[in-house]
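Asks: So that we are looking at the same thing, I have put the structure below in structure tokens.
In the working numbering, the protein residues as written are 6 to 254.
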């Protein structure tokens, strides 16, 4: 799983930076003086957090693609997934994430971020077209990729496990010994990654739904906005817990 670790490290760095960036609104609550204007700090904070979470999301999608290739094309995996291509892919993830959210400085708020700043809460509004742009360019493709790859990974693992067990039972019956079921070698590792991905989307789904409702002027509530945002940001901590409990990396 050496190649997968590239994306896991990228996701870990992004999650760590999310925690560091959250110090900005925390310092403002403690009334520490901020040199830059509140509007600029608010926009930069929202942009940085959005980019970092997009990097986490893209890394999860890339991990699922990597595992899909490893299981569906094991003989050609090393020629398809090379260190050079991995570095290019990681660089693309960061650049793409940075470019997609650049319009937030003039187009609209990329979601609820840092509304502890008064300017963020009162003057920086979401835009329905920008919201649709983000969903189409970021959330929808990542969700589709993850669902498609993991569905096929578990389908293939289940098929391989069934075939192996049938052969084991057939040969063991000839020898007079009972055969034990053997799981697919990559299934346990895929399960860990699937848990991480599931938790990611469970925590982010309320945020995305509220983001769409707020930008469409259907529903707006500061408490719901605050809770959904920090629920999504807490995913950075959940990844650490899942990895620790699974003891898989």
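From the three backbone atoms N, C-alpha and C, an ideal C-beta is built for every residue, glycine too. Given the structure is predicted, the values throughout are model-derived calculations rather than measurements.
(1) For residue 156, tell me which candidate among 229, 111, 76 has the shortest Cα-Cα distance.
(2) Starting from residue 224, follow the alpha helix (DSSP H) in both directions and report where the run begins and ends.
(3) With residue 102 and residue 174 assumed to form a contact (beta carbons below 8 Å), what rounded beta-carbon distance in angstroms separates them?
(4) Helix or strand or just coil, what does DSSP make of residue 130?
(5) Report buried or exposed for residue 183, applying the criterion of at least 16 other Cβ atoms within 10 angstroms of its Cβ.
(6) Please name the residue, chosen from 134, 60, 70, that lies closest to residue 108 on a Cα-to-Cα basis.
(7) Tell me where the alpha helix (DSSP H) around residue 84 begins and ends.
(8) When burial is assigned at 16 or more other CB atoms within 10 Å of the CB, is residue 143 buried or exposed?
(9) Identify whether residue 79 lies in helix, strand or coil by the three-state DSSP scheme.
(10) Which class does residue 152 belong to by DSSP, given the choice of helix, strand or coil?
(11) Identify whether residue 27 lies in helix, strand or coil by the three-state DSSP scheme.
(12) Going by DSSP, what residue range makes up the alpha helix (DSSP H) through residue 89?
(13) Could you have a look at residue 5 and say whether DSSP puts it in helix, strand or coil?
(14) Cβ atoms of residue 141 and residue 66: under 8 Å apart, would you say?
(15) Since residue 206 and residue 234 are thought to touch, with beta carbons under 8 Å apart, how far apart are those beta carbons, to the nearest angstrom?
(16) Can you check which of these residues, 113, 17, 87, 88, is closest to residue 60 by C-alpha distance?
(17) Just the Cα atoms here: how many angstroms apart are residue 46 and residue 236?
Replies: By the coordinates alone:
(1) On the chain shown, position 151 is the one that residue 156 refers to. Taking only the C-alpha atoms, the option nearest residue 156 is 76.
(2) Within the chain shown, numbered from 1, the residue matching residue 224 stands at position 219. Unbroken run through residue 224: none, as it is neither H nor E.
(3) For this step, residue 102 is matched to residue 97 along the chain shown. For this step, residue 174 is matched to residue 169 along the chain shown. Their Cβ separation, rounded to whole angstroms, is 49 Å, which puts residue 102 and residue 174 out of contact at 8 Å.
(4) In the chain shown, counting from the first residue as 1, residue 130 sits at position 125. DSSP places residue 130 in coil when its eight states are reduced to three.
(5) Residue numbering aside, residue 183 sits at position 178 when the chain shown is read from its first letter. Low confidence applies to residue 183: its pLDDT is 48, below 50, so where it sits in the model is not reliable, and the reading given next is rough at best. Looking at its Cβ environment, which holds fewer than 16 other Cβ atoms inside 10 Å, residue 183 is exposed.
(6) Here residue 108 is taken as the residue at index 103 of the chain shown, counted from 1. Nearest option by C-alpha distance: 134.
(7) By 1-based counting over the chain shown, the position of residue 84 is 79. Its alpha helix (DSSP H) spans residues 82-85.
(8) Taking the first residue of the chain shown as 1, we reach residue 143 at position 138. Residue 143 is buried by the Cβ-count criterion.
(9) Along the chain shown, read from residue 1 onward, the residue named residue 79 stands at position 74. Of the three classes helix, strand and coil, the one that applies to residue 79 here is coil, per DSSP.
(10) In the chain shown, residue 152 corresponds to position 147, counting from 1. In the structure shown, residue 152 sits in a helix (DSSP, three-state: H, G or I).
(11) Here residue 27 corresponds to residue number 22 of the chain shown, with the count starting at 1. DSSP places residue 27 in coil when its eight states are reduced to three.
(12) Here the question's residue 89 lines up with position 84 in the chain shown. It spans 88-105 - the alpha helix (DSSP H) in which residue 89 sits, taken as one unbroken run.
(13) In the structure displayed, the chain extends from 6 to 254; residue 5 sits before or after that span and is not available.
(14) Your numbering for residue 66 matches position 61 in the chain shown. Your numbering for residue 141 matches position 136 in the chain shown. Cβ distance not < 8 Å, so residue 66 and residue 141 don't count as in contact.
(15) What you label residue 206 is simply residue 201 of the chain shown in a count that begins at 1. What you label residue 234 is simply residue 229 of the chain shown in a count that begins at 1. Between residue 234 and residue 206 the Cβ distance is about 16 Å, and since that is not below 8 Å, they are no contact.
(16) If you number the chain shown from 1, residue 60 lands on position 55. Ranking 113, 17, 87, 88 by Cα distance to residue 60 puts 17 first.
(17) Indexing the chain shown from 1 puts residue 46 at position 41. Indexing the chain shown from 1 puts residue 236 at position 231. Using only the alpha carbons, I get a separation of about 22 Å.
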